[in-house]
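Novice: Going by my numbering, the sequence shown opens with residue 22, and the numbers climb by one from there. Where is the CB? At the ideal position from N, CA and C, for every residue including glycine. Note that the coordinates shown come from a computational prediction; the quantities given were computed from them, not determined experimentally.
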Amino acid sequence: MKQIDLPAAAEEILRTIWQAGYEAYIVGGCVRDASMGRVPSDWDITTSAGPEEVKKLFRRTLDTGIKHGTVTVMVGSEGFEVTTYRIDGEYLDGRHPKEVTFTASLEEDLKRRDFTINAMAYNPERGLVDLFGGQEDLEKKVIRCVGDPKERFSEDALRMMRAARFAAQLGFSIDEGTKEAMKELAPTLKKVSAERIQAELVKLLTSEHPDEFRTLYETGLTAVFLPEFDACMNTPQNSPHHVYNVGDHTLKAMEGVRADKVLRLAMLLHDMGKAVTRTTDENGRDHFRGHARVSEEMAKKILHRLKFDNATTTAVCRMVKYHDWQIHSAETEYYLRLALHQIGKDAFPDIFEVNRADVMAQSDLWRDEKLSRINRLEELYHSVLDQGQCVTKEELALNGKELIELGVKPGPAMGKILDRMLESVLEDPARNTREYLTSHLESFLS
């Protein structure tokens, strides 16, 4: 392995600790990323020095996890986590060790880590410490547990999701022994909090390989935190418009949008309602009437269950609700104005992306026509925007304050007047002038 170029601050921390008579290495993800030619986001340091010794060596430190041996050393505005070599005691809750014992052995510290590619350490003077074949697994592009995978997953069940997440982020495969342990221990994921599951889920979905989500299904993990997806994998789509079951269609659709949290979540959830709305006619053809509305309701419940914030939930549910919007739309500027008013102008670039991803994950029957329809609607969208056409009450040429000046009393009646004005202007944007709205005020009052 070639020498790793460390940030000057990290190298100085290592040097200071070594000069004080202790060992110190960068460790974990930063060694992995640097070995792959990637730029690490964090530079974590492990040392034989105890946390109190570390604090004595540096002028500015923070006790970020001192109970578990972690001290953050501040260099300017940048923080570096420095953690004492440790041995974890028995895990009683599938996440936290009952106790932590500090050790002078780097090997003991590395052997408690999750995967071989995350269990390497490096020091400019001593070079690479790779006791478990991390470099070989990097070359083979394999995610493999350190030691016995059942032990690693029993210590923290979230590591099973992390295995799939690293595979998705790095484009690696998961070692068969590691995957078999995931299948056996998948039910233990129920011990993990929704917040931690959510964090790993988002990292996987926003990776370059969101289809690695399939591994979560194949190993039984989705049965724990997203059983609705398992139902999708068991829901066929006997229709000339489809070539996949609902679950496979979902995985394909996720690949069709940008690596954006809202968009990827929307594609994951957009057809959840198909499993419960599926009907089959006398010709053996499946139908999923009203599935968008049901999917929206299910998405809201799922996102709340996984502790997503309200803003994300609202944005995702809006995408789910309108993922097949173009099917029911009329290709006129008037229809676009109504849609912009109802849905919101800000959502449409993403909605068009979702529409296209959904179509591309279907069969090729009428695909060109479907995409052309989306293109025409998008052209109309830009036309409406470019002309500055009014689609909200805030854009009306006459506002509430001006209505008061014209003798209209504040209250519910004023709101109705503004609604009627907007209806008129949506029909014909040329009516959005102070002169027109003022001269037709009587008609809006009635």
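Is the beta carbon of GLY241 less than 8 Å from the beta carbon of LYS204?
Specialist: In this structure, the beta-carbon distance from GLY241 to LYS204 falls below 8 Å.
Novice: Name the residue from THR300, ASP345, HIS308, GLY305 whose alpha carbon lies nearest to the alpha carbon of GLU317.
Specialist: ASP345
Novice: Do you know how far the Cα of GLU249 is from the Cα of VAL315?
Specialist: 12 Å
Novice: With H, G and I counted as helix, E and B as strand and the rest as coil, what does DSSP make of MET141?
Specialist: coil
Novice: By the 10 Å Cβ neighbour count, where 16 or more other Cβ atoms means buried, how is LEU127 classified, buried or exposed?
Specialist: buried
Novice: Helix, strand or coil for GLY198, going by three-state DSSP, please let me know.
Specialist: helix
Novice: Could you tell me which residues DSSP pairs with LEU102 in its beta bridges?
Specialist: Just to set this straight, residue 102 is Glu in the shown sequence, not Leu. The partner list for GLU102 (beta bridge, DSSP) reads THR93.
Novice: With C-beta atoms as the reference, is ASP135 less than 8 Å away from VAL163?
Specialist: no
Novice: Along the chain, where does the beta strand (DSSP E) containing VAL121 start, and where does it finish?
Specialist: 121 to 123
Novice: Report all residues from its chain with a CB closer than 8 Å to the CB of CYS338; omit the five preceding and five following residues, and keep chain order.
Specialist: GLU317, ALA320, LYS321, LEU324
Novice: Helix or strand or just coil, what does DSSP make of ILE395?
Specialist: helix
Novice: In whole angstroms, what is the alpha-carbon distance linking VAL52 and TYR356?
Specialist: 55 Å
Novice: Whole angstroms is fine: what's the gap from LEU361's alpha carbon to SER384's?
Specialist: 29 Å
Novice: Taking a contact to mean a Cβ-Cβ separation below 8 Å, would you say LEU427 touches THR454 in this structure?
Specialist: No, they are not a contact pair.
Novice: Which first and last residues belong to the alpha helix (DSSP H) in which GLY50 is found?
Specialist: 50 to 56
Novice: For the putative contact between CYS328 and GLN219, defined by C-beta atoms under 8 Å, what is the C-beta separation to the nearest angstrom?
Specialist: Reading off the sequence shown, one finds Lys at residue 328, where the question assumed Cys. Correct: roughly 6 Å between the Cβ atoms.
Novice: On the CB-based measure, 16 or more other CB atoms within 10 Å of its CB, does ILE425 come out buried or exposed?
Specialist: Exposed.
Novice: Is CYS411 helix, strand or coil when you go by DSSP?
Specialist: Here CYS411 carries a coil assignment [DSSP, helix/strand/coil].
Novice: Exposed or buried, which one is HIS349 when buried takes at least 16 other CB atoms within 10 Å?
Specialist: HIS349 is exposed by the Cβ-count criterion.
Novice: Classify ARG377: buried if its beta carbon has 16 or more other beta carbons within 10 angstroms, exposed otherwise.
Specialist: buried
Novice: Going by beta carbon distance, what residues of the same chain come within less than 6 Å of LYS414, once the five residues before and after it are set aside?
Specialist: For LYS414, the CB contacts under 6 Å within the same chain, skipping 5 residues up- and downstream, are LEU439, LEU443 in chain order.
Novice: Mind reading off the beta-carbon distance from LEU35 to ASN139? Whole number of angstroms is fine, and I expect it under 8 Å.
Specialist: Wrong, their Cβ atoms sit about 19 Å apart, outside the cutoff.
Novice: Give me the Cα-Cα distance between LYS212 and PHE246, rounded to the nearest whole angstrom.
Specialist: 11 Å
Novice: Residues bridged to GLY86 by DSSP?
Specialist: THR91
Novice: What is the residue span of the alpha helix (DSSP H) that THR459 lies within?
Specialist: 455 to 460
Novice: Please return the same chain residues whose Cβ sits closer than 6 Å to the Cβ of GLY100, not counting the five positions on each side in sequence.
Specialist: THR93
Novice: How long is the line joining the alpha carbons of PHE123 and SER175, rounded to whole angstroms?
Specialist: 21 Å
Novice: Give me, in chain order, the residues of the same chain whose beta-carbon lies closer than 6 Å to that of ALA274; leave out the 5 immediate sequence neighbours on both sides.
Specialist: MET288, ALA378, ASP379, ALA382
Novice: Are the beta-carbon atoms of LEU226 and LEU286 separated by less than 8 Å?
Specialist: yes
Novice: Taking only runs that begin and end inside the segment 241 to 295, name each unbroken alpha helix (DSSP H) of 4 or more residues, in chain order.
Specialist: 243 to 246, 248 to 254, 267 to 275, 282 to 290
Novice: Pair every Cβ in the segment 67 to 87 with every Cβ in the segment 40 to 51, then say whether three or more of these pairs are closer than 8 Å.
Specialist: They touch, by the three-pair rule.
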